[in-house]
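Notes follow the structure.
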Amino acid sequence: MRLPMKLFNLTKRYLLALGLIATLSISAFCIVYWVIHTQETYASIINISGRQRMLSQKAALLGTQLLHCKNEAEEIEIRNQLYEVKTLLEISHKGLISGNAALNLPGKPSKEIQALYFSSPVLLDQQIRTFISHIDSLLKEPGQKLTYNNPHLVYLQNAARGELLKSLDSVVKQYELEAQQHIKRLQFLEIIIVSLTLMLLLFEALFIFRPLVRHVYKETSQLRNYNNQLQVLSSYDSLTGIANRRFFDQHLAKEWEGAVISSSWLSLILIDIDFFKNFNDTYGHQAGDRCLAEVASALHASLNRSSDFVARYGGEEFAVILPDTDCRGAMLVAEKLRREIENLRIPHAKSAVADYVTVSIGLSSTMPVQYNNPEKLIAEADDALYSAKRAGRNRVMHYVKYFNK
Numbered sequence: 001m002r003l004p005m006k007l008f009n010l011t012k013r014y015l016l017a018l019g020l021i022a023t024l025s026i027s028a029f030c031i032v033y034w035v036i037h038t039q040e041t042y043a044s045i046i047n048i049s050g051r052q053r054m055l056s057q058k059a060a061l062l063g064t065q066l067l068h069c070k071n072e073a074e075e076i077e078i079r080n081q082l083y084e085v086k087t088l089l090e091i092s093h094k095g096l097i098s099g100n101a102a103l104n105l106p107g108k109p110s111k112e113i114q115a116l117y118f119s120s121p122v123l124l125d126q127q128i129r130t131f132i133s134h135i136d137s138l139l140k141e142p143g144q145k146l147t148y149n150n151p152h153l154v155y156l157q158n159a160a161r162g163e164l165l166k167s168l169d170s171v172v173k174q175y176e177l178e179a180q181q182h183i184k185r186l187q188f189l190e191i192i193i194v195s196l197t198l199m200l201l202l203f204e205a206l207f208i209f210r211p212l213v214r215h216v217y218k219e220t221s222q223l224r225n226y227n228n229q230l231q232v233l234s235s236y237d238s239l240t241g242i243a244n245r246r247f248f249d250q251h252l253a254k255e256w257e258g259a260v261i262s263s264s265w266l267s268l269i270l271i272d273i274d275f276f277k278n279f280n281d282t283y284g285h286q287a288g289d290r291c292l293a294e295v296a297s298a299l300h301a302s303l304n305r306s307s308d309f310v311a312r313y314g315g316e317e318f319a320v321i322l323p324d325t326d327c328r329g330a331m332l333v334a335e336k337l338r339r340e341i342e343n344l345r346i347p348h349a350k351s352a353v354a355d356y357v358t359v360s361i362g363l364s365s366t367m368p369v370q371y372n373n374p375e376k377l378i379a380e381a382d383d384a385l386y387s388a389k390r391a392g393r394n395r396v397m398h399y400v401k402y403f404n405k
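Each step along the sequence shown adds one to the number in UniProt numbering, with nothing skipped, and position 144 is 144.
Here it is, written out as structure tokens:
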């Protein structure tokens with residue numbers, strides 16, 4: 001009777017271990033899947049929330065540009081851009097609060113986020129609504145009556161670099177904090193699961209057969225693969241395969257610090273596809289996605305140094321970081337990038353500058369110093385980009401000299 005009982009007990013232990021391993025494996029898969037899903041969601045939230053900052057600054061810039069219109073056509077173009085900025089602000093704001101499936105925004109913000117939007121002292125919801133109303137009012141103002149003292153323009157300029165910008169930064173930081181906290185909690189659960197798995201392995205090594213060792217090793221390998229996939233998803237754009245905006249911000253900060261230490265040049269290139277909205281309207285969004293992917297691939301392939309860095313900055317905009325590169329070198333690289341995109345010969349029947357896809361490029365170069373930050377470098381490159389657009393597009397403009405390549 002002892003032998004059957006011993007075999008019976010061993011079988012029970014074996015089946016129990018198998019059951020526990022199976023349970024832990026399923027739990028690990030679910031956690032990793034949820035981590036990936038959560039990271040994608042938070043990436044969308046942080047991207048859209050961060051874009052609100054850019055849109056507010058762009059609105060103030062466009063409002064200022066209305067004062068310098070040379071003709072009616074230019075005024076209409078700027079007003080259309082300002083209207084698009086206002087629409088994006090409204091859609092993004094509503095999506096962040098109430099959700100938007102198309103933008104992968106779940107809505108239902110946390111209590112901390114709700115407090116920033118609806119409670120004193122921030123009242124971000126009210127700030128954004130007021131900002132949008134001033135854009136509306138500015139759009140209704142006749143061009144000939146616009147002056148630097150226009151109250152709507154003054155409000156937009158002050159808000160875009162003052163309280164509204166600080167409030168938007170606070171929301172982005174809170175979203176990033178919540179994302180990190182959520183991921184850490186899930187990672188802690190992963191650690192617990194791995195610990196229990198190791199205990200079971202020890203139990204099996206001492207009391208049961210060895211086959212389960214292979215099974216656990218396989219599951220552990222899968223966990224590592226999932227974690228690697230998660231890291232890639234959090235740093236790279238899923239459509240183009242190049243770095244995303246979040247990775248760009250991190251890399252620029254790192255290169256800035258390195259340039260400060262080495263007292264070397266740092267250049268930033270901003271690239272915008274000309275008339276991309278017309279391209280989407282003409283060929284469809286799937287063709288637009290393929291166009292973005294081709295442009296990103298061409299940009300990446302055109303950079304010769306391993307230290308050069310290309311990222312999708314947002315929408316149809318791309319950014320290139322060139323460490324240890326002065327303005328002359330950056331101009332050469334920028335012109336090379338412009339030609340490479342032009343040579344793709346992607347048909348674009350609705351472009352006003354060519355029959356194929358072209359890009360406008362703005363760049364800025366500096367020698368970073370301590371107690372400074374890269375925001376000015378970004379703003380200068382962005383200013384140069386809009387100068388390239390105003391000058392006719394399909395060209396390279398440098399912030400300092402504004403000469404056309």
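Glycine is no exception: its CB is placed at the ideal position from the N, C-alpha and C atoms. This one's a predicted model, so the numbers in the text were calculated from it and none came from an experiment.
Each residue's CA atom was taken as its position, placing Arg-79 and Gln-231 some 41 Å apart. Remark: C-beta atoms of Ile-132 and Glu-90 approach each other more closely than 8 Å. Judged by their CB atoms, Thr-64 and Gln-157 are nearer to each other than the 8 Å cut-off.
Comparing alpha-carbon positions, the option among Leu-200, Gly-258, Pro-106, Arg-51 lying closest to Leu-15 turns out to be Leu-200. Taken atom to atom, the span from the alpha-carbon of Ala-102 to that of Thr-358 is near 28 Å. With 16 or more other Cβ atoms from the protein chains shown falling within 10 Å of its own Cβ, Cys-291 counts as buried.
For Pro-323, the beta-bridge partners assigned by DSSP are Leu-266. Sequence-distant Cβ neighbours of Ala-293 in its own chain, meaning closer than 8 Å and more than five residues away, are Leu-239, Thr-240, Gly-241.
Bounds of the beta strand (DSSP E) holding Tyr-313 are 309-314. Just so you know, the alpha carbons of Ala-349 and Gly-392 end up roughly 17 Å apart. Within the same chain, and ignoring the five residues on either side of Ala-243 in sequence, the residues whose Cβ sits closer than 8 Å to its Cβ are Ser-235, Tyr-236, Asp-237, His-251, Phe-309, Val-310, Ala-311, Arg-312.
Within the model, the alpha-carbon separation for Leu-196 versus Leu-18 is close to 13 Å. Secondary structure of Pro-347 (DSSP, three-state): strand.
Per DSSP, Ile-242 lies in no alpha helix (DSSP H) segment and is marked neither H nor E.
Around the beta-carbon of Met-367, fewer than 16 other beta-carbon atoms lie within 10 Å, marking it exposed. Beta bridge pairing from DSSP links Phe-318 with Ile-271, Arg-312.
Take the alpha-carbon of Ile-191 and the one of Arg-246: they are about 26 Å apart.
Here Thr-366 carries a strand assignment [DSSP, helix/strand/coil]. Classified as exposed, Ser-307 has fewer than 16 neighbouring CB atoms from the shown chains inside 10 Å of its CB.
The beta carbon of Ser-92 is closer than 7 Å to those of Ile-48, Arg-51, Gln-52 in its chain, skipping five residues each way along the sequence. A direct Cα-Cα distance of roughly 30 Å separates Phe-318 from Val-154.
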